[in-house]
Structure formats: C-alpha cells, structure tokens
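Residue numbers (the working numbering), protein chains in the order written: chain V, 4 to 133; chain S, -16 to 104. We treat Cβ as the ideally placed atom computed from N, Cα and C, and that holds for glycine.
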C-alpha cells in the first residue's frame, strides 16, 4: 500500500549565497544581468535622442555626464566585464567542437571567443569614432 | 511514442537558448559601448562623436537590425537570469509562474519599445 508522501525538503536559508566566496561571486555574476538591462535602456535613450534631433542629442550628452549617471555606468562597466569574462570562461565547457574526429582543445575555444570579442569591439569603436 | 498521448513540451530549452544567445550578444557588444558612451565620452577621455555622424550610423538599416537583435536578446538574457536569481537567491521558487510572466513580459515589452525607437530614429 502506498500513501502519498510529501517529499522532505531541506530548508535553505535565504542568505545561503552569502556563506562562501564562490557563492558570492556566483551571485554577483547573476546580478550582472540587471546592469545589462540598464545599459540596453541607456542605448535606447541614446538612439531615441539621436532620432529626435541634435538638441536632444546634446541633452543626452548632458544627462550622460551627470555624476550619478557616470557613477552608475562605471559600476555597469565593471559588472558587464564580469559578465563577459565569466561568460567566455564557461564557453569552452558549454561548446564542445569536434574537427576531423578530434575535440578542439578548450583553450582554442576560449581564445576564439576572446578574438571575436576583440574584433567586435574594434568594429564598433571604428564605426563610432571614425 | 504513441500519437494519442502527446507529451507536454517544456518551453525551458527554447528560453535557455535565447538566454544563451543574449549572454553572448551582451558579452561581445556591450562592453565597448559602455566604455565609450557610458564612461569615455561623459568623462571627456575621448571627444563624443558629432551628431551628423551618429545619425548616419544609426540611420543605416544594418545598424538598426543589429541593435535590435542585441537589445532584444540581451533583454531575454536579463529576464531569464533575473528570474532564477530571484527564485534561487530569495528562495521564492513557488512563485515561478508570476515571476516568469513579469520577467519575460517586461523583456518583450521593452523589445517592442526598442523596435519602435529604432524604426523611428
């Protein structure tokens, strides 16, 4: 005879992630997504200002030079770099490539991602600054 | 497998795929944009590009397409990661349905705004 049993669930405290350095780093990495979302909004504000005329663009430049906005964007840069580095760092384990029956070494996959990052950054910088 | 008992498909693999694509797009494209438009131009480390140049860059359909792709994918990336950060970090997994609707819903709404902003720019 079987009786329905509610499986026991070990209670986990809400502050479990504060216990260890590796857990805290994990949480910071996860929180980076909030800064990704903020920067998407910031880019959309920029594009909207460009589309609305040169006065709007100047207003956006003033807004972006506000010390609070600069401070927020410096923090955003740190978190987005944390995201990029941890993302590329996990890519060799997530992407397993085989060439002619052999597994491409993890270091090559990692190097490929950093090379792609460099190329994309160079193209964007060239488009903006040229 | 019998055709009479269709298995309920989980959307999770597709959501993870979009999360993954968004993480890659964000990691490749956003750092240089934050560095330029968030830090270097506002602090005067580099001269901000003039208006006519940026208008020409943003007016290019290819730029609009790429920007839309990066924005929409990065927003889904945010939604997926934020959903599980809330659920695991604060131990509120029992509200998964509500949290999912809010997160992915917000990402879709802001993506629609992004499409409107890019098309009208």
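In this structure, residue 30 (chain V) sits near residue 20 (chain V), with a CB-CB distance shorter than 8 Å. Nearest in C-alpha terms to residue 89 (chain V), of all of S:73, S:49, S:16 and S:9, is S:9.
Taking the Cα of residue 70 (chain V) as reference, the smallest distance to any Cα among S:45, S:55, S:25 and S:66 is reached at S:25.
Contiguous beta strand (DSSP E) elements confined to the segment 2 to 53 of chain S do not occur, taking only those with 3 or more residues. For residue 109 (chain V), no chain S residue has a C-beta closer than 9 Å to its own C-beta; the minimum C-beta separation is roughly 17 Å.
When C-alpha distances from residue 58 (chain S) are compared across S:-8, S:17 and S:3, the shortest belongs to S:3.
Rounded to the nearest angstrom, the Cβ distance from residue 63 (chain S) to residue -2 (chain S) is 6 Å, consistent with a contact under 8 Å. Beyond the five residues adjoining it in sequence on each side, residue 27 (chain V) comes within less than 7 Å, by CB distance, of 20 and 21 in the same chain, given in chain order. Three or more Cβ pairs closer than 8 Å define a contact, and the segment 89 to 100 of chain S meets that threshold against the segment 44 to 53 of chain V. When Cβ-Cβ separations below 8 Å define contact, residue 91 (chain S) makes no contact with chain V. The Cβ-Cβ distance between residue 131 (chain V) and residue -4 (chain S) does not fall below 8 Å.
Under the Cβ criterion (8 Å, minimum of three pairs), the segment 11 to 20 of chain S counts as touching the segment 116 to 133 of chain V. No Cβ-Cβ contact shorter than 8 Å links residue 24 (chain V) with residue 86 (chain V). Under the three-state reduction of DSSP output, residue 13 (chain V) falls in the coil class, being neither helix nor strand. Within the segment 91 to 121 of chain V, those residues whose Cβ lies closer than 7 Å to any Cβ of chain S are, in chain order, 91, 119 and 120.
Under the DSSP assignment, residue 76 (chain V) falls in the alpha helix (DSSP H) whose first and last residues are 70 to 97. A contact is defined here as three or more CB-CB pairs under 8 Å, and the segment 70 to 81 of chain V meets this definition with respect to the segment 13 to 23 of chain S. Per the Cβ contact rule, the segment 58 to 75 of chain V is not in contact with the segment 39 to 59 of chain S (fewer than 3 Cβ pairs under 8 Å).
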